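To start, the structure under review is shown below, and the notes come after it.
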Amino acid sequence: MDIRNNREKTKAQLEAELHAMSMELAALRRQTPEAMAEAQRHMAGTLHNLHVHQEELRTQNEQLRQAQDNIEKVSHRYQDLFEYSPAGYFIIDDKLTVIDANIAGMGMLARTKSRITGKPFLLFVEKDSRHDLDAHFATVRSVGRASSELWLSPDQRPPFPVILESVRLGEGWGDGWRCLSTALDITSRKQAEIALQESETRFRAIFEQSPLAIQIVDAASVPRMSNRSWVKLWGQTVTAPTAEGGHPVLDRIGAERLLSEGLAGRSLEIPAIHVTVDTGRGEERWVHGYAYPIRGRNDSVPEVVLVHEDITEQKRSERELQISQSLINALLNASIDAIMLFKIDGAILAANTVMAERFCTTVECLLGDCVWTLLPPDLAESRRQACLGVLESGIPAHVLDHQGELFLDNFIFPVTGPDGRIDKLAVFSRDISDQKRAEAKITSYVAEIERSNSELEQFAYVASHDLREPLRMVSSYLSLLERRYGALLDQDGHDFIGYARDGAKRMDQLVLGLLEFSRITRHGDPITAMPVLPAIQLALTNLGMGVSECGAAIHIDESLLSCGIMGDPVQIMRLFQNLIGNALKYRKSEVAPAISIGGRLRDGGWEFSISDNGIGIATEYFERIFGIFQRLHTRDQYEGTGIGLAICKKIVERHGGSIWLESQPDMGTTFFFTLQGGSIKT
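Each residue of the sequence shown is one higher than the one before, starting from 3 at the first, in the numbering used here.
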């Protein structure tokens with residue numbers, strides 16, 4: 003600017019001087035020769051000065067041109083620095099509007115310069131960062147520079163973090179306030195920070211949640227970090243070495259070598275040691291220790307990782323396993339069965355003394371031997387096939403060996419390994435020779451008993467049938483004797499005849515009862531599905547006179563209305579008739595009988611109950627009353643033959659059920675019996 007002004011000033015002066023010289027020359031022409039000579043001299047001097055000024059002007063013009071070239075070169079350099087800088091440059095005016103942006107800035111915002119300039123810079127910042135942007139430019143206005151971490155929002159790309167460095171520009175950048183904002187993409191740094199944070203979080207999680215007790219110790223024996231398992235194991239949070247400079251835990255448990263070896267750069271493992279943990283309760287623990295050096299610069303070891311594994315439960319489990327193994331061996335050897343465990347190739351893994359004695363050897367000699375070589379070839383092949391069947395099906399096999407008088411009852415069981423596959427077989431073999439001989443004897447005895455019972459039943463039937471004929475004859479002749487000679491007999495004679503007739507009557511009742519008892523299994527009707535209610539109603543009809551005479555109240559539970567069983571209808575009616583008749587017979591003299599007949603489903607069948615409010619039965623007679631001809635009272639007290647409950651028991655047993663009672667003297671009695679259920683049409 004100054005050079006251009008100097009140039010214009012010199013030219014004006016020269017023009018003025020030339021004009022003055024022209025005027026002087028014209029005046030001189032009108033003067034004398036002397037004056038002309040003086041004028042020429044003056045003009046020559048002026049021309050000389052003019053040449054000097056022209057040379058100076060030429061020099062100044064050359065300097066101006068060089069200065070302009072330099073300015074243009076510098077301007078281009080600064081423009082290139084601005085445009086091609088890897089950092090994003092933005093020129094911001096006093097309205098916080100972008101007036102210029104370089105190539106990197108356009109790339110960051112994914113927009114052309116025309117879409118950036120003239121727009122508020124706020125539009126290119128993530129919404130959550132706009133408050134920070136306002137504070138950033140406020141700091142630039144007041145202090146002159148600011149640095150903030152923001153998130154830019156490029157077009158159609160996810161936001162990314164930048165460091166925005168802004169500095170206020172001088173007045174030469176135009177009218178008003180200006181600042182240069184530099185944006186540095188810190189995505190990689192952020193990712194590294196996040197990765198580092200995640201790594202730290204993972205390390206912390208592993209460190210804190212590890213079941214192993216871990217502590218990091220420096221070279222001065224100072225604990226730097228201890229996880230919860232360490233504090234839980236040792237019950238200490240000491241962060242300083244002992245007075246002697248040792249580790250607060252290792253010195254106490256005699257494991258100083260862990261730290262010294264670790265600091266020497268060597269990993270170390272110590273075997274299990276038995277220690278007392280200072281937790282206030284003096285707990286005993288087994289601990290397995292490790293030490294690992296942490297390498298620093300120049301292969302130094304500034305810290306050591308101490309790892310203590312509480313193996314108390316493992317030791318306890320090992321001890322329990324030893325005890326369990328001892329118990330198993332004791333049980334194996336206490337068993338009367340011969341027991342063997344072997345692999346699928348036949349290698350024997352375990353056996354008891356009974357099995358060893360069967361092969362005339364010891365358990366130690368059996369272990370590792372092949373079971374197939376211990377058996378005769380033909381027997382070994384058949385047993386091998388049986389074992390293959392168990393391996394393929396996974397179903398235990400039952401094999402019976404019979405060799406002469408020797409009977410062996412063998413069970414082969416599959417044994418699975420940790421992977422769930424069958425890899426072993428267990429054999430339990432019992433010598434049942436004595437049992438077989440006993441079974442043969444029992445079979446013979448049962449056959450003999452069945453034959454004897456059949457003969458007894460036949461005898462009872464025949465005897466009871468044939469005995470009734472003499473009894474009828476006795477009764478007939480007693481009646482004839484009384485008619486013909488009654489007038490000749492005194493009172494004693496009539497009494498004697500009455501006694502004889504009563505005895506014959508009772509004898510006939512006994513014979514009838516015995517006949518009925520013998521007919522239960524020999525002449526019963528087929529057992530079929532039948533409803534219970536009609537049998538109960540028929541029994542009550544047969545007992546109708548007795549029910550009316552004593553004024554009995556009888557209740558039948560609604561559950562019996564649709565009850566169906568498998569039974570002989572005649573015998574089921576007789577069963578209810580006998581039990582209800584007992585309730586009527588053994589009533590209290592001053593109280594009317596109250597009888598309840600009920601039933602409930604039980605195990606696929608029916609359980610029936612007949613309860614009364616009678617005289618009751620003492621506990622010691624519960625079994626006796628079901629015997630034949632068993633009576634608890636004299637005939638003067640209660641009539642009867644003592645065979646009714648025996649008949650009830652035999653009927654129930656024929657139907658595959660059971661009968662029992664509950665009672666107390668003077669508290670009534672409840673008889674229970676079970677029968678198989680049957681389907682009936684309702």
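Using N, Cα and C, we set each Cβ at its ideal position, and we do this for glycine too.
All values derive from a computational prediction rather than experimental measurement.
Next item on the list: In angstroms with no decimal places, state the Cα-to-Cα distance between residue 317 and residue 288.
Entry: Taking the first residue of the sequence shown as 1, we reach residue 317 at position 315. Taking the first residue of the sequence shown as 1, we reach residue 288 at position 286. Cα-Cα distance, rounded: 7 Å.
Item checked: Per DSSP, the bridge partner or partners of residue 294 -> Here residue 294 refers to the residue found at position 292 of the sequence shown. Within the DSSP bridge table, the entry for residue 294 names 307 as partners.
Next item on the list: Check whether the Cβ atoms of residue 1 and residue 597 sit closer than 8 Å, and answer yes or no.
Entry: As displayed, the chain neither begins before 3 nor continues past 684, which places residue 1 out of reach and without an answer.
Note to self: Spatial neighbours of residue 312 within its chain, please: C-beta separation below 7 Å, excluding the five flanking residues on both sides.
What the structure shows: Within the sequence shown, the letter at position 310 stands for residue 312. The beta carbon of residue 312 is closer than 7 Å to those of 215, 235, 287, 289 in its chain, skipping five residues each way along the sequence.
Check: With 16 other CB atoms within 10 Å as the buried threshold, where does residue 10 fall?
Finding: As a working mapping, residue 10 is identified with position 8 in the sequence shown. Legend: pLDDT at residue 10 = 48, less than 50; position of this residue unreliable, no value from coordinates given.
Next item on the list: Please confirm if the segment 661-680 is in contact with the segment 609-619, defined as three or more CB-CB distances below 8 Å between the two stretches.
Entry: Segment contact: the segment 661-680 against the segment 609-619, three or more CB-CB distances shorter than 8 Å; contact assigned.
Next item on the list: Whole angstroms is fine: what's the gap from residue 226's alpha carbon to residue 137's?
Entry: Sequence index remark: in the sequence shown, residue 226 carries index 224 (1-based). Sequence index remark: in the sequence shown, residue 137 carries index 135 (1-based). Those two C-alpha atoms are separated by around 41 Å.
Note to self: Please report the distance separating the alpha-carbon of residue 334 from that of residue 430.
What the structure shows: For the purposes of this step, residue 334 is taken as the residue at position 332 of the sequence shown. For the purposes of this step, residue 430 is taken as the residue at position 428 of the sequence shown. Put simply, the backbone Cα of residue 334 is about 10 Å away from that of residue 430.
Next item on the list: Could you work out which residue in 609, 626, 417, 184 is closest to residue 679 when comparing CA atoms only?
Entry: Counting from 1 along the sequence shown, the entry for residue 679 is found at position 677. The candidate whose alpha carbon is nearest that of residue 679 is 609.
Item checked: Run of the alpha helix (DSSP H) containing residue 314, from where it starts to where it stops -> To locate residue 314, count along the sequence shown from 1; it is residue 312. DSSP places residue 314 inside the alpha helix (DSSP H), whose first and last residues are 314-336.
Next item on the list: Spell out whether any CB of chain C is found under 8 Å from the CB atom of residue 651.
Entry: Absence of chain C from the displayed structure is noted, only one protein chain being present.
Check: How would you write the range of the beta strand (DSSP E) that residue 392 sits in, first residue to last?
Finding: Stepping through the sequence shown from its first residue, residue 392 is reached at position 390. For residue 392, there is no enclosing beta strand (DSSP E); the residue is found in the alpha helix (DSSP H) stretching over 379-395.
Notebook entry, point to check: Assuming residue 373 and residue 344 make a contact with CB atoms under 8 Å, what is their CB distance in whole Å?
Noted result: Along the sequence shown, one-based indexing puts residue 373 at 371. Along the sequence shown, one-based indexing puts residue 344 at 342. Indeed, because the Cβ distance is near 5 Å, the residues count as touching under 8 Å.
Next item on the list: Following the continuous beta strand (DSSP E) through residue 151, name the residue where it begins and the one where it ends.
Entry: Counting from 1 along the sequence shown, the entry for residue 151 is found at position 149. Its beta strand (DSSP E) spans residues 147-154.
Check: Do you know offhand how far residue 528's Cα is from residue 656's?
Finding: The sequence position of residue 528 within the sequence shown is 526, counting from 1. The sequence position of residue 656 within the sequence shown is 654, counting from 1. For the pair residue 528 and residue 656, the Cα-to-Cα distance works out to about 11 Å.
Check: What beta strand (DSSP E) runs, 3 residues minimum, are completely inside the segment 527-581?
Finding: If we require 3 residues or more, the beta strand (DSSP E) runs fully inside the segment 527-581 come out as 530-533, 555-558, 566-569.
Checklist line | Contacting residues, own chain, Cβ-Cβ under 7 Å from residue 438 (five flanking each side not counted) | finding: The residue given as residue 438 occupies position 436 in the sequence shown. Taken in chain order, the residues that qualify are 409.
Notebook entry, point to check: So what does residue 412 bridge to, in DSSP terms?
Noted result: Within the sequence shown, numbered from 1, the residue matching residue 412 stands at position 410. Looking at the DSSP assignment, residue 412 forms a beta bridge with 401, 431.
Check: Going by Cα to Cα distance, which pick from 591, 197, 219, 353 is closest to residue 306?
Finding: Working through the sequence shown from its first residue, we reach residue 306 at position 304. Measuring from the Cα of residue 306, the nearest candidate turns out to be 219.
Next item on the list: Would you be able to state if there are at least three C-beta pairs under 8 Å between the segment 421-429 and the segment 442-449?
Entry: At 8 Å Cβ cutoff, the stretches do not touch.
Next item on the list: State the Cα-Cα distance for the pair residue 166 and residue 129, rounded to the nearest angstrom.
Entry: Counting from one through the sequence shown, the residue named residue 166 turns up at place 164. Counting from one through the sequence shown, the residue named residue 129 turns up at place 127. Looking at the two C-alpha atoms, the distance is approximately 16 Å.
Check: With C-beta atoms as the reference, is residue 493 less than 8 Å away from residue 541?
Finding: Mapped onto the sequence shown, residue 493 falls at position 491. Mapped onto the sequence shown, residue 541 falls at position 539. The beta carbons of residue 493 and residue 541 sit no closer together than 8 Å.
Checklist line | Candidates 180, 189, 172: closest to residue 160 by CA position | finding: Working through the sequence shown from its first residue, we reach residue 160 at position 158. Answer by Cα proximity: 189.
Next item on the list: Consider the C-beta atom of residue 216 and the heavy atoms of the ligand HEM; say whether any pair is separated by less than 7 Å.
Entry: The model depicted lacks the ligand HEM and carries no ligand whatsoever.
Item checked: Residue range of the beta strand (DSSP E) that includes residue 184 -> Within the sequence shown, residue 184 is the residue found at index 182, counting from 1. Counting along the chain, residue 184 sits inside the beta strand (DSSP E) bounded by residues 180-187.
Note to self: Using DSSP's beta-bridge definition, name the partner residues of residue 418.
What the structure shows: Locating residue 418 in the sequence shown gives position 416, counting from the first residue. Bridge partners of residue 418: 424.
Notebook entry, point to check: When you compare each of 575, 308, 489, 229 to residue 209 by their alpha carbons, which one comes out closest?
Noted result: Position 207 of the sequence shown, counting from 1, holds the residue named residue 209. Checked all of 575, 308, 489, 229; the closest Cα to residue 209 is 229.
Notebook entry, point to check: Which two residues bound the contiguous beta strand (DSSP E) that contains residue 601?
Noted result: Here the question's residue 601 lines up with position 599 in the sequence shown. Per DSSP, the continuous beta strand (DSSP E) segment holding residue 601 begins and ends at 596-604.
Check: What does DSSP give as the partner residues of residue 48 in its beta bridges?
Finding: Position 46 of the sequence shown, counting from 1, holds the residue named residue 48. In the DSSP output, where bridge partners are listed per residue, residue 48 has none listed.
Next item on the list: Look at the alpha carbon of residue 3 and the alpha carbon of residue 70, and state the distance between them as a whole number of angstroms.
Entry: Counting from one through the sequence shown, the residue named residue 3 turns up at place 1. Counting from one through the sequence shown, the residue named residue 70 turns up at place 68. With a pLDDT of 42 at residue 3, under the threshold of 50, the modelled position of that residue is not reliable, and the figure given next carries that caveat. Roughly 10 Å separates the two Cα atoms.
Next item on the list: Thinking residue 100 and residue 123 are a contact (beta carbons under 8 Å), I'd like their distance in whole angstroms, please.
Entry: The count along the sequence shown starts at 1 and reaches residue 100 at position 98. The count along the sequence shown starts at 1 and reaches residue 123 at position 121. Indeed, because the Cβ distance is near 5 Å, the residues count as touching under 8 Å.
Item checked: Burial state of residue 475, where buried means 16 or more other Cβ atoms lie within 10 Å -> To locate residue 475, count along the sequence shown from 1; it is residue 473. Classification of residue 475: exposed, given that the 10 Å Cβ count is below 16.
Check: How long is the line joining the alpha carbons of residue 487 and residue 479, rounded to whole angstroms?
Finding: Along the sequence shown, one-based indexing puts residue 487 at 485. Along the sequence shown, one-based indexing puts residue 479 at 477. The alpha-carbon of residue 487 is positioned some 12 Å away from that of residue 479.
Check: Taking all protein chains shown into account, do 16 or more other C-beta atoms lie within 10 angstroms of the C-beta of residue 658, making it buried, or fewer, making it exposed?
Finding: For the purposes of this step, residue 658 is taken as residue 656 along the sequence shown, with counting starting at 1. Label assigned to residue 658: exposed.
Margin query: Looking only at its chain, what residues have a beta carbon closer than 7 Å to the beta carbon of residue 484, apart from the 5 residues adjacent to it on each side?
Written below: Numbered from 1 along the sequence shown, position 482 holds the residue referred to as residue 484. Around residue 484: 499.
Next item on the list: Consult DSSP for residue 2 and reduce its assignment to one of helix, strand or coil.
Entry: Within the shown structure, residues of the chain are numbered from 3 to 684, placing residue 2 beyond reach of any answer.
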